[in-house]
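**Student:** When the letters of the sequence shown are read in order and numbered with full-length UniProt numbering, they come out as residues 1 to 317. Note that beta-carbon positions come from the ideal geometry of N, C-alpha and C, so glycine has one too. Please read all numbers here as calculations on a predicted model, not as lab measurements.
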Amino acid sequence: HGSPLLLGIGDNCMFVASEASAFSKYTNEFIVLRDDEVAVISPEGHSLEEKISEFTQKEEILATPAPFPHWTIREIMEQPESISRSLGYGGRFASDNAVKLGGLDQRSADLVGIAHLLVVGCGTSRYAGMVGARIMRALGGFESVRVVDASEVTKADFPKANGGMVVLSQSGETKDCHRALLLAAEENLPCFSIVNTVRSLIARTTNCGIYVHAGRECGVASTKSFTCQVVCLSLVGIWFAQNINPNASRHRRQQLVQDLHRLPTVVGMILNRIRPQCHKLAEDLKNAQHAFILGRGMGEPIAYESALKMKEIKYIH
């Protein structure tokens, strides 16, 4: 009834869970139940033998944030490695001004007709979408790019002609994002997704898009998934620009590819350099009950995301 339900099939055991990570340590074979479908489990097996099982990669799940004091700090410091994974360790670059994204290449005939893109997400994903939208506009691959909170999407938001939608979700299970996809399907709107969790509900629903590969987030507040979503949106922006407007956008694409190549190293250097300043700033702010975080231009969505982190972690206004 709208919520995901998976049946994991192992050796002499079965699992019922909402996502594959719950049993990926024990088996990489599972079946996805459709809405209104009933499965009967017994000691002899299950009632879904006629369905084809799906597979997911086994995921290494860390038991401790060591050597860091908690998960959030660990995941912040993991960003250089996470960004490298999002870039496929360079494998997603086709040249000095182009990218290769297999998840989009296989549907290129449907996607290159998109002139007006709707970017949909909630919370951190929405703010990453706001950054990505600015990058996409600068690359010139679309006539318009608009960001909408997934919880507020209606059919009136869909472009009237030559439109498309990209959904961003760390978990790949965000209910409002999935609802937006179902609405889009009713209008035959081309859709693709940018999600972190492989074979999650949203990834299965769109069956088109790219994975973030930021790694599992155990901290309450999203950190590395934000930066990696922005990286993936940059790659998507390059992909559309090279396919729709190749000559006019060549120089801008070349500069962005160059910047993305350097990004993991630069982020690592910055994280190591600013730790003392972060400790001092935290000491200055530890008794604050209210904070104003300001930004304009590209800094506006960064300010929104920063404010969200303050609310999620410090519980202040």
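Assuming contact is defined by CB atoms lying nearer than 8 Å, are Ser193 and Asp176 in contact in what I supplied?
**Tutor:** Against a cut-off of 8 Å, the Cβ pair of Asp176 and Ser193 comes out as no contact.
**Student:** By DSSP, does Asp149 sit in helix, in strand, or in coil?
**Tutor:** If DSSP states are grouped into helix, strand and coil, Asp149 belongs with the strands.
**Student:** How far does the beta strand (DSSP E) with His116 in it extend, from its first residue to its last?
**Tutor:** His116 to Gly121 is the extent of the beta strand (DSSP E) around His116.
**Student:** In the DSSP assignment, what residue or residues form a beta bridge with Gly45?
**Tutor:** DSSP lists Ser42 as partners of Gly45.
**Student:** Looking at the structure shown, is Ile293 part of a helix, part of a strand, or coil, going by DSSP?
**Tutor:** DSSP places Ile293 in coil when its eight states are reduced to three.
**Student:** Classify Lys286 as buried or exposed, calling it buried when 16 or more other Cβ atoms lie within 10 Å of its own Cβ.
**Tutor:** Under this definition Lys286 is an exposed residue.
**Student:** Classify Ala17 as helix, strand or coil using the three-state DSSP reduction.
**Tutor:** Correct three-state label for Ala17: strand.
**Student:** Mind checking whether Asp96 and Val257 have CB atoms under 8 Å apart?
**Tutor:** The answer is yes: Cβ separation under 8 Å.
**Student:** Name the one or two DSSP bridge partners that Cys228 has.
**Tutor:** None; Cys228 has no bridge partner.
**Student:** Is Ile114 closer than 8 Å to Pro190 when the C-beta atoms are compared?
**Tutor:** Contact: yes.
**Student:** Looking at Val212 and Ser86, is the spacing between their C-beta atoms short of 8 Å?
**Tutor:** Cβ distance < 8 Å, so Ser86 and Val212 count as in contact.
**Student:** Exposed or buried, Lys160, counting other C-beta atoms within 10 Å across all chains shown (16 or more means buried)?
**Tutor:** Exposed.
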